[in-house]
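K.L.:
Chains as they are written, first to last, in my numbering: chain E, 29 to 568; chain L, 491 to 732; chain S, 643 to 843; chain Z, 463 to 795. One structure is given below, represented as structure tokens, and several questions about it will come after.
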Amino acid sequence: MSQVQSTTQTTTGHDNYLNHEKGLWSWLSTVDHKRIAIMYLISILTFFLVGGIFALLVRGALFNAKPEDKFWSYITPDVYNQFMSYHGIIMVFMVIVPGIPAVFGNFLLPVMLGAKDVAFPRLNLASYYVYLAGAALAVGTLFVGKIDTGWTFYTPYSIKTSTSVVMAVLAAFTMGMASILTGLNFIVTTHKLRAPGQTMNKIPLFVWAIYATSIIQILATPVLGITLLLISAERLLGVGIFDPNLGGDPVLFQHFFWFYSHPAVYIMILPAMGIISELISTFSRKTIFGYTAIAYSSLAIAAVSFLVWGHHMFVSGQSEFAGVLFSIITMLVGVPTAIKLFNWISTMYKGSVRLDAPMLYAIGFLFLFTIGGLTGVWLASTGMDVHFHDTYFVVAHFHYVMVGGVLMAFTGGIFYWFPKMFGKMTSDTLGRISWVFVFTGFNVTFFPQFILGAMGMPRRYFEYHPAYEPLNQISTVGSWLIGFGFLVALVAIIQGLVAGEKAGANPWGSKTLEWQTSSPPPHDNFPITPTVTAGPYEYR
Amino acid sequence: MSTVKTEDGHFHHAHHFNSLSHQYDSAKQGVWLFMVTEILMFGGLFVAYLIYKSIYAPIFHVGSSYLDVKMGSINTVVLITSSFTMALGIYFNQKNKPKQAVIALALTIVCAGIFMVIKYFEYTHKIHLGLVPGKFFNNPEFQQKVVDFINNMPIENLTPTLSDTAHMKKIAPLYFGFYFVMTGLHGLHVMIGAGLILWVLIKTANGKFGAEYYTPVEGVGLFWHIVDLIWIYLFPLLYLVG
Amino acid sequence: MELAIQYSLYIISCVCIFVPLFGFGIAPPTVIGTALSVFAGNAYSLIAQQGILKNFIKDKKDSGASGGLIPILEETQKLIDGIENPGTAMKAKSHSHGHDHAEGSHHIIPIPVYVGVLVVLLIGTAITVEVAQFDFGAMNTVIAMLVATVKASFVLAFFMHLKYDNMLNRVIFGSGFFFLMLLIAFSVADIFTRVPVLKAF
Amino acid sequence: MNNWLNIITANAFMPIQGTEIAGKVDNFYAFLLISSLISSIILIGGMAAFVVQYKRKSATDKTAYITHNTMLEFTWSFIPFVIMMVIFYWGKVIFNELRSMPDSASAEEIHVVGVQWAWNFKYKNGIKQYTKDNDPNKQVMVVPLNKPVKLVMTSNDVIHSFYIPGFRNKQDVIPGRYTSLWFKADKPGEYQVFCTEYCGLQHSQMPATIIVKPEAEYTAWLDSNKPSMAASGDGGMNEMANKGLEIYENKCRSCHSIDGTKIVGPTWKGLYGAKREFESGAPVDADENYLKESILNPAAKIVKGYPAAMPPYAGQLSDDEITQLIEYMKVVK
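Structure below.
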């Protein structure tokens, strides 16, 4: 039994959101959440490509320990610092934070709720352009003065450096604005636009995840906004709030910064978890195990995420008491995360598991996220973190969670919802090949970095001790594998767009609402507003 | 949002809502969510202010004595009055009286103008005296007063930070950093708010709103009251609490 | 129900472990507060989702009881329905009223109330300025903030119609302040517990 | 075989243990490693087993309808919770030990100043070590064996972080404030020091070495390196120039040499009065006005062959301090 008695029979399948209106202008001025999602998808994939190139350059520069051995003499320390900063800024603010909510959230949230659109369609379009403006500012710094502060903009370095920090922080501020507007839209949509019968305990887990994410976006981003504004005020006027020369406390900056940036980590990972819930249930063809537990654990993670930011600052000069306080609260995040992991795995128990490309990515997520999550516990314990803080161990940990978690889910999501978005199937073989490369490449790249971190190699180093060289070389080779894997995924997407075979309304046999309308969905999502009678995962 | 008035004088809600009131509730919830972000954004500044105030009390004490309480009080009264007229603007829209609503909204904009003019005089006075944030600060008298204040403090109230008078002298401009950033950001909001009020004023005058549909007026009103609300806290913190 | 038992067990064990660890400093109020709110949340979700209250009211009504707590309970149930299914609740409303007047959201406050609020705010301003002439030492900030908060709540309640607004908007706005408190609390928990480093030479 | 034993004792991949606490950290590391291994075997193994066992066999497979199991959910949220509390407590004990300073009577105190991009070490008897110095004897911090050493640290410009992998200890060095760190080395030898807080261009090029020497050798080193009165008084330098020297050591030294070598910026040797040629514009004699302008607004005139890397010092140095610096430049010949 699916969530609604299927409504697809009534649609002809000819009129859909892609051909509803024609011409470039109809796209640029659209208020249709599905078209906005596609525009986001294109921009985010472009920026992902740029950020990825920077990542490859960074890894390439680290192939050799000493500057005189580096195979590409163009990369000097200042260029390396810029590459490292651009990789961080692009990937965090332009790819991973907006990524899943703006693309899949925009496309699917209204459809999954049985709504015709998000609550504020024009605001939705505006937020896309605000995002683009921010991104343009950020990319603009490449041509005006560059940026070398890393994505964290730590004061007082960001006050003293001669690069164009003001422009970069304004870019991040603008993109934060877009993120607030998107989050606001989703919260109201979830509250107000659910189809009749669609109670909060009947919405799909992906919607729960996006909902929890939006709450964090609303509550955390403004603090980042004021922090970034203060940095520019600091540079332009010297107000002294974060500048120790003028009486400010740089550690207070870190408090403010991580008050946003730690919850931001969950802005990134929660939607990915939502995707995984959908993928695992569909490809195991089985009811999700512990719906309530997974849904509430999303909210629990969102709530606790605001209480733990100080674990980024155990050695930064915050008091010992605060360190211990943040450490114990951080441990609590592990509990809802563990609940989710166990529930996903039990969903497969006595299921009917099919390893299509999206499911492979979901499995990859579980594998990498397990490792990323467990090492997170190491870093959350004060005594261990003193040794690991700001070493490659941290780099490996958050790449396991961010890349291994978010990007695996993102790519899996693309392969899963591609038929719904474009009405065509992607090649499963290409999808699987890309997974093999991404997954292997990922472990080859980042597992050695755990060892490097344990050996004590600090992060953001251009030149490093020769003892670390072999592992760095393995890591660099791995990064090429990842790059190749994502290229194959891109080929799979383009091949699907150009020559993919036609997809039915529900190629995977899923039960959630978005599969009950035709592929691609019509302009108004459903010909008749559906009435929801059952939960989202009723595989009986 | 995309509500339109049809020829027979009724309003149509956007296609994805069930009814006008459904749309109104949703829009209002959206505005409230946005207000939360405003509160948190200013909140960041307030947190920083409170922390530094408790560490460097003398700077803030002497600093606030350099502000003109009279001007601050007038501005408070002006802003409160503007909040009142804004509420009236909504009220008259609810009662389908566009003429009175336009007057009330125009009064609100006038109040915003008065507020900004007074602010302008305060600013130019400060800038003239060199009482500006760190980079451009040029008023040794203020720094000396801070040092004198510390020297006159009872010895048991002195912390090691405060006893370092050379350092305190150096960081004394911090107060004006806060003053200009906080009032500046607030002033920016006043100007944005005035612009928004002008927008709903024109729409009201053109008969775009009425008892059935006045969501934008309500939304702009909420924004304006938040601006007022923030000033209600800013005023005593900057001008009065020494 | 099972879920509630499960989580309450879990939370009680949390409290048992937390409190001895931290002594009676900052942590116990936080922990107990969190625990209580989680309890409340769970209880609420049980009532809302499993229809316990609804069934209870139905039973009572069937058995002929009326008066007492029943009307209050019914109101509560309506409130819950409003939060849980706004779509259907809204539909029901627009059907029954025939006109777009959801209660609360379109409440019109008469002008004299606005004037009253204005007077209160002006008096509040006068009080703030007057009080600032006297020195209460450390209480200065506290008093100023209290007066400001009273003024702010008048603005919120009447000018911003929060008094007549639905519960959710109040919760939304309150959450802003709550998270601001968290930012203050934890920043202060760091900055004022730092141990100064003393140089021997 | 030995390698595998190493994993159990968790020396695997960790640097050598230079202190007693390092051993404790490593035991904790071993516990984390093993418990994480077990957890990942349960999670990943379970996942793999289910994927294999419940592989889809036909398009119409029937699956079990299991919605939840309260007992199970309670178990797998409670057991991780308990484990994590153990991890927290263990970590806290080690952290407290790393952070509780020895009393100053028994400890050897050394002052550390981080600058972009070098470390300054200062001893009680006046010895100054500067890690970017050409003299290899000065690029080290010498500490006694089996005696607590307390570092009182601050920074002159941006945040740095003092990290000694061998001691498993690390502490950020913050401008405008003192932070501290302590250790009691129990093996003589050399230990690497890294800066782990990103601090700009040469962030990776500010390593230092800690040399642990037995107490007797340490005292001998202290005595033999003690600056003589003549050297510290620096005959011929007036008071102004002396103050200038201090500013130079704290702010300028990492980019400008006084012995003619080219670091990041031009050397100060013989600078005063010399003719300067620029990337653009007419050459100028290096007089007071030029020097002052170059300190306050370095971008105005960029010396030929050097990058425009210097930050402006307007607002960071007072007029008096600039005069003192220029006085010092006059002395450097």
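Yeah, the Cβ is synthetic: ideal placement off N, Cα and C, and Gly gets one too.
Are the beta-carbon atoms of Met453 (chain E) and Gly345 (chain E) separated by less than 8 Å?
P.N.:
no
K.L.:
Work out the CA separation of Phe639 (chain L) and Lys659 (chain L) for me, nearest whole Å.
P.N.:
So the alpha carbons of these two residues sit roughly 11 Å apart.
K.L.:
Measure the C-alpha to C-alpha separation of Pro676 (chain Z) and Asp648 (chain Z) and round it to an integer number of angstroms.
P.N.:
9 Å
K.L.:
I'd like to know whether the C-beta atoms of His622 (chain Z) and Glu571 (chain Z) end up nearer to each other than 8 Å.
P.N.:
no
K.L.:
Return helix, strand or coil for Phe645 (chain Z), following the three-state DSSP convention.
P.N.:
It is a strand residue.
K.L.:
Who are the Cβ neighbours of Asp413 (chain E) in its own chain at under 6 Å, not counting the five residues just before and after it?
P.N.:
Phe342, Leu407
K.L.:
Taking Cβ-Cβ distances shorter than 7 Å, what residues in chain L pair up with Met781 (chain S)?
P.N.:
The CB of Met781 (chain S) never comes closer than 7 Å to any CB in chain L; the least such distance is about 11 Å.
K.L.:
Tell me where the alpha helix (DSSP H) around Lys616 (chain L) begins and ends.
P.N.:
588-619
K.L.:
Based on Cα-Cα distance, which residue from Z:Asn687, Z:Val513, Z:Tyr710, Z:Trp644 lies nearest to Met563 (chain Z)?
P.N.:
Z:Trp644
K.L.:
Is it right to say Glu631 (chain L) is buried, meaning 16 or more other beta carbons lie within 10 angstroms of its own, or is it exposed?
P.N.:
exposed
K.L.:
Starting from Ile764 (chain Z), trace the beta strand (DSSP E) both ways and give me its first and last residue.
P.N.:
Segment: none, Ile764 (chain Z) is in no beta strand (DSSP E) and carries neither H nor E.
K.L.:
Starting from the N-terminal side, write out each stretch of the alpha helix (DSSP H) that is 4 residues or longer and does not extend beyond the region 462-523 of chain E.
P.N.:
For the region 462-523 of chain E, not a single whole alpha helix (DSSP H) run of length 4 or above is found.
K.L.:
In angstroms with no decimal places, state the Cα-to-Cα distance between Ala669 (chain S) and Glu559 (chain Z).
P.N.:
Legend: pLDDT at Ala669 (chain S) = 45, less than 50; position of this residue unreliable, value from coordinates given subsequently. If you draw a straight line from the Cα of Ala669 (chain S) to the Cα of Glu559 (chain Z), it is about 22 Å long.
K.L.:
Lys188 (chain E): buried (16+ other C-beta within 10 angstroms of its C-beta) or exposed?
P.N.:
buried
K.L.:
Pick helix, strand or coil for Glu566 (chain E), following the three-state DSSP scheme.
P.N.:
coil
K.L.:
Just the chain S side, please: which residues come within less than 7 Å of Thr641 (chain Z) by C-beta, in chain order?
P.N.:
Listed along the chain, the chain S residues whose CB falls inside 7 Å of the CB of Thr641 (chain Z) are Val839.
K.L.:
Going by alpha carbons, who is nearest to Val423 (chain E) out of E:Leu151, E:Gly441, E:Ser462, E:Arg488?
P.N.:
E:Arg488
K.L.:
For the region 613-641 of chain Z, list every residue whose C-beta sits within 7 Å of some C-beta in chain S, in sequence order.
P.N.:
Val614, Tyr640, Thr641
K.L.:
Mind listing the chain L neighbours of Lys793 (chain S)? Cutoff is C-beta to C-beta under 7 Å, in chain order.
P.N.:
Ile722
K.L.:
Terminal residues of the continuous alpha helix (DSSP H) containing Trp721 (chain L)?
P.N.:
Residues 705-725.
K.L.:
Hey, is the region 258-266 of chain E in contact with the region 193-201 of chain E, meaning 3+ C-beta pairs nearer than 8 Å?
P.N.:
yes
K.L.:
Applying the criterion that 16 or more other CB atoms from any shown protein chain within 10 Å of the CB defines a buried residue, is Phe582 (chain L) buried or exposed?
P.N.:
buried
K.L.:
Exposed or buried, Gln634 (chain L), counting other C-beta atoms within 10 Å across all chains shown (16 or more means buried)?
P.N.:
Exposed, because fewer than 16 other Cβ atoms sit within 10 Å of the Cβ of Gln634 (chain L).
K.L.:
By how many angstroms is the C-alpha of Pro548 (chain L) removed from the C-alpha of Ser829 (chain S)?
P.N.:
22 Å
K.L.:
Assign Leu733 (chain Z) to one of three DSSP states: helix, strand, or coil.
P.N.:
Look at Leu733 (chain Z) here: in three-state DSSP terms it is coil, with no helix or strand label.
K.L.:
Assign Pro728 (chain S) to buried or exposed, taking buried as 16 or more other Cβ atoms, counted over all protein chains shown, within 10 Å of its Cβ.
P.N.:
The predicted position of Pro728 (chain S) is uncertain, since its pLDDT is 46 and thus under 50; a value taken from the coordinates is nonetheless stated next. The residue is buried, with at least 16 neighbouring Cβ atoms inside 10 Å.
K.L.:
Could you tell me whether any Cβ in chain L is nearer than 8 Å to the Cβ of Leu788 (chain S)?
P.N.:
no
K.L.:
According to DSSP, is Phe801 (chain S) part of a helix, a strand, or is it coil?
P.N.:
helix
K.L.:
Does the distance from the C-beta atom of Phe845 (chain S) to that of Ile529 (chain L) stay below 8 Å?
P.N.:
This structure leaves residue 845 (chain S) out entirely; chain S is present only between 643 and 843.
K.L.:
Would you list the one or two residues that DSSP bridges to Cys657 (chain Z)?
P.N.:
Note: Cys657 (chain Z) sits in a beta bridge opposite Z:Phe624.
K.L.:
Under 8 Å by Cβ, that's how I've got Ile479 (chain E) and Leu499 (chain E) pegged, so tell me the actual separation to the nearest angstrom.
P.N.:
Confirmed, about 6 Å.
K.L.:
Are Phe470 (chain E) and Val429 (chain E) closer than 8 Å when you measure CB to CB?
P.N.:
no
K.L.:
Taking the alpha carbon of Asn152 (chain E) as the reference point, which residue from E:Ile66, E:Gly404, E:Leu209 has its own alpha carbon closest?
P.N.:
Residue E:Leu209 is the option with its Cα nearest to Asn152 (chain E).
K.L.:
Going by other Cβ atoms of all chains shown within 10 Å of its Cβ, with 16 needed for buried, is Val813 (chain S) buried or exposed?
P.N.:
Exposed, because fewer than 16 other Cβ atoms sit within 10 Å of the Cβ of Val813 (chain S).
K.L.:
Using the rule of at least 16 other Cβ atoms within 10 Å of the residue's Cβ for burial, across every protein chain shown, is Phe171 (chain E) buried or exposed?
P.N.:
Around the beta carbon of Phe171 (chain E), a 10 Å sphere encloses fewer than 16 other beta carbons of the protein chains shown; the residue is thus reported as exposed.
K.L.:
Using a Cβ-Cβ cut-off of less than 7 Å, list which residues of the region 323-347 of chain E approach chain S; keep chain order.
P.N.:
Cβ contacts with chain S: Phe334, Leu335, Gly338, Gln346, Ser347.
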